[in-house]
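Protein chains in written order, with numbering that gives the first Met the number 0: chain A, 0 to 435; chain B, 0 to 435.
We put the CB at the ideal spot given by N, CA and C, even for glycine.
Every value quoted in this text rests on a predicted model; they were computed, and no experiment measured them.
One structure is given below, encoded as structure tokens.
2 protein chains.
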Amino acid sequence: MNKKVQPKTLPGFMELLPNEQILFNKMKETIQKSYEKFGFLPLDTPIIEDAKVLLAKAGGETEKQIYRFEKGDNDLALRFDLTVPLAKYVTEYYDKLSFPFKRYQIGKVYRGEKPQRGRYREFYQCDVDIIGNGKLSIINDAELPSIIYNTFTKLGFNEFTICINNRKILNGLFASLELEDKSSEILRIIDKIDKIGADNIKKELLEKIKEEKVNTIMKFISIKGNNDNKIQSLKNMDINNEIFQSGLNELIEVIKFIRIFGVPEKNFKVDLTIARGLDYYTGTVYETFLDKYRNLGSVCSGGRYDNLAEYYTDKKMPGVGISIGLSRLFFQLIDNNIISAKDESIFDVQVIPMTNQYEVCAEVATKLREENINVQINMEEQKLGKKFKCADNLKVKYVIVIGNDEIKNNAVTLKNMFTGEQETINIEKAIDKIKG
Amino acid sequence: MNKKVQPKTLPGFMELLPNEQILFNKMKETIQKSYEKFGFLPLDTPIIEDAKVLLAKAGGETEKQIYRFEKGDNDLALRFDLTVPLAKYVTEYYDKLSFPFKRYQIGKVYRGEKPQRGRYREFYQCDVDIIGNGKLSIINDAELPSIIYNTFTKLGFNEFTICINNRKILNGLFASLELEDKSSEILRIIDKIDKIGADNIKKELLEKIKEEKVNTIMKFISIKGNNDNKIQSLKNMDINNEIFQSGLNELIEVIKFIRIFGVPEKNFKVDLTIARGLDYYTGTVYETFLDKYRNLGSVCSGGRYDNLAEYYTDKKMPGVGISIGLSRLFFQLIDNNIISAKDESIFDVQVIPMTNQYEVCAEVATKLREENINVQINMEEQKLGKKFKCADNLKVKYVIVIGNDEIKNNAVTLKNMFTGEQETINIEKAIDKIKG
């Protein structure tokens, strides 16, 4: 073998060192456990789908980004989100599912975007969705913020805000102003308020809409106060439009139940500037921000949609869901020193023979494992110093060293690698120490 | 929306119903926890790699099966195993890893095989490997059967046998018979012993090799008795070949340490007919069979290899590893009624309002979740009977029903869906019941 291929992970593909991977997996598991606490069923759809099925709905930017290829006679594509596979799934297995169908899916999706810092071509999405058969209670829209609250609390965050709006309020407002045909455009402008500020929003709107109407919109998006104040202000606007009123009633119901579901007042707020994309969502919409790191953008978004699987079936299946883009979130948290992986370890103990006490080391490791302790052993012919350095690199908490003295005394030397403390004790005592 | 696309999962791609997925995930998690108990670090490499990197080693059948495609200027391929990505990884991050490097990876791999019953094009592999830097102690070869033993025991199996051999014994034997040039061919024939039996093996061998030599081979592969008998018989064969003796010594050491690592005698055996593929493995090899379902083939295989990353680097990195093909195993276990998913549920309790007691139901669900109980609520306008049928389909153990009587008495009605037993009690008592 002379000619070597240079191994290289492709740009835009996240690949972590073990300590980072441990932390990433912990976060993923925390999200999973949180989703399961709310009774969501797991799903694991294929990454490869028939391109015709996957692209039934797609178009424009999405279609350009998609990984699409042929294998034999098959026109294939990699999933670019977890929503389209869900639509496929509920249509395909409709008769075998109970509705409302509550599922979570945590998996990789693929978009051939231009790779940028913190933007990945392969990334994890962690989704929960509730799908109704024909109709779906608005109370579900209030349970999702409760899931967001639980998940981010369990992830170790306290200071975050779930921002809630309702697309019907926006659509109704535009209808009352006879601006329906411009609503997508207006929403796109409003959506930028965090980036460019209210003054620039107004400037952009004035290029397209009469001042009087712009003033109403600006009045609307600058509604202030606590959640109840905002709802009162919306009522006070006295917009004579059915869709507006329906959205407002939904929002009132959602806020009422968010409170019942135990989300503290400081962790959610009505935010009338949130629109979330252009044509997918039809009712409640969510975005979630870390209060001290609002610049990271939304860390968990979602909303209500009228008709999940309209491209596949005539059956009307409304749904509501949220998604955490875990790969991007993880990158941002590490990159901003909000979390650190440097002390992560998957196992508690490394067993090291002083010279060639391999048999006793294997026995001790086995005993510890029987006690449900995660143990690695290092049986290599390396110098003791090198073995300790290795244990140190792996951030293992305890090292057990066994040499002839230990064997003679039927004992082990247990060293706490964090404190430096070490003692020669019998194995049972060592197990107690490690477990305590 | 008039023209609908018929949604269909591609043939050869496993997609499970929720109860099956719950069981599948439990098995996957059991394997993961078992791998972690032995101190293996998690890894999650990309599914898409540069085709040049991924195919550095591949050839023949593998190359034909590969999913390979272009995106922009990139020649890409989907990983077809987890070993090549590992070789890439240890070469790329060599300076940042501690050796011996012990990693597990559980993930999907892709092979465009002809789809057959129980053969998938996308399937999970669950791998552990130990990679040395320059050299690697033979004791590692004994730790892996201990991992197999622990994993399959935790998966609920008792009657399984880990079969162990050493390729050097086979290679040495052939060398002593001056049959090195035919060794691949002979191994391929021997490998079929389970399928075609010893007589047919002999017949096939006689077509290629002189009778005297065939007799030695047949004597070798028919060595009988317990593990110690077999090792004694191997010694007695008195083969004057260095490789043979080196393999025998390794096997003796491996058997000795397998015992120290606590694997019961009934769960492992020396099996001299096992060869495992043709050119990858160089020392110890493993296959694992469920005793009552030997026809399923090996459920966990692996072995020792001399040089993991020779296509990428001059650094010699010997390794030893095992792999469980989880998707195929799961299919086989279900298909043979060895396991059943029909009663699987992810949550313990479903809360159901009698008519419109939504607020109290939301409160109760929140209280239960705070007690770490997995709870689903059904807030839909459905008849009570339909809600119960839904709970029944979901195999949930408890249903909590709340109506006006319950609210008046500050109580809930807790029904055990398995026993039919039901009682109206206060929420604290219900929590105790559910937790107990």
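Burial state of residue 300 (chain B), where buried means 16 or more other Cβ atoms lie within 10 Å: buried
Chain-ordered chain A contacts of residue 55 (chain B) [CB-CB under 7 Å]: 4
DSSP state of residue 160 (chain A) mapped onto helix, strand, coil: strand
Own chain, CB closer than 7 Å to residue 131 (chain A), minus 5 neighbours either side, in chain order: 98, 99, 316, 317 and 318
For residue 70 (chain B), the residue or residues it bridges with in DSSP: B:73
Contacting positions in the region 416-433 of chain A - beta carbon closer than 9 Å to chain B: none
7 Å Cβ cut-off: residues of chain A touching residue 115 (chain B): What residue 115 (chain B) touches in chain A: nothing, since even the nearest Cβ is about 15 Å away.
Within chain B, partners of residue 303 (chain A) - CB distance below 9 Å: The contacting residues do not exist; residue 303 (chain A) stays about 14 Å from chain B at best.
Contacts of residue 261 (chain B) in chain A (Cβ-Cβ under 7 Å): 365
Coarse secondary structure for residue 379 (chain B), derived from DSSP in three states: coil
Segments of 3+ residues assigned as beta strand (DSSP E) that fall wholly inside the region 134-207 of chain A: 159-165
Proximity to residue 356 (chain B) [Cα-Cα], best of B:329, B:411 and B:347: B:411
Same chain only: Cβ atoms within 6 Å of residue 0 (chain A), ignoring 5 sequence neighbours per side: Since pLDDT at residue 0 (chain A) reaches only 48, below the 50 mark, its modelled position is unreliable, and no value is offered.
Cutoff 8 Å: residue 136 (chain A) Cβ touching any chain B Cβ: yes
7 Å Cβ shell around residue 432 (chain B) - same chain, five flanking residues per side excluded: 413
Meets three-Cβ-pair contact criterion under 8 Å: the region 146-159 of chain B and the region 74-86 of chain B: no
Euclidean distance between Cα positions of residue 182 (chain A) and residue 128 (chain A): 27 Å
Three-state secondary structure assigned by DSSP to residue 299 (chain A): coil
Local conformation of residue 124 (chain A) per DSSP, three classes: strand
Chain A within 8 Å of residue 393 (chain B), Cβ atoms only: yes
Paired residues, beta bridge with residue 413 (chain B) - DSSP: B:399 and B:422
Residue 361 (chain A) at chain B interface by Cβ criterion, 8 Å: yes
Terminal residues of the beta strand (DSSP E) in which residue 268 (chain B) lies: 267-269
Spatial neighbours of residue 240 (chain B) in its chain, beta-carbon cut-off 7 Å, leaving aside the 5 residues before and after: 171, 174 and 175
Neighbouring residues, chain B, relative to residue 282 (chain A) (Cβ below 9 Å): What residue 282 (chain A) touches in chain B: nothing, since even the nearest Cβ is about 15 Å away.
Under the three-state DSSP convention, the category residue 237 (chain B) falls into: coil
Span separating the alpha-carbon of residue 4 (chain A) from that of residue 278 (chain A): 46 Å
The region 64-82 of chain B contacting the region 402-409 of chain A, beta-carbon criterion three pairs below 8 Å: no
Interface residues of chain A facing residue 389 (chain B) [CB-CB closer than 9 Å]: 97, 98 and 99
Backbone CA spacing between residue 62 (chain A) and residue 378 (chain B) [nearest angstrom]: 37 Å
Within chain A, the residues that residue 139 (chain B) reaches when beta carbons sit closer than 8 Å: 378
Interface partners of residue 20 (chain B) on chain A, CB under 8 Å: 40, 41, 42 and 43
Short CB-CB distance (under 8 Å) between residue 8 (chain A) and chain B: yes
Local conformation of residue 65 (chain A) per DSSP, three classes: coil
8 Å Cβ cutoff, residue 287 (chain A) in contact with chain B: no
Under 8 Å by beta carbon: chain A residues contacting residue 111 (chain B): 70 and 71
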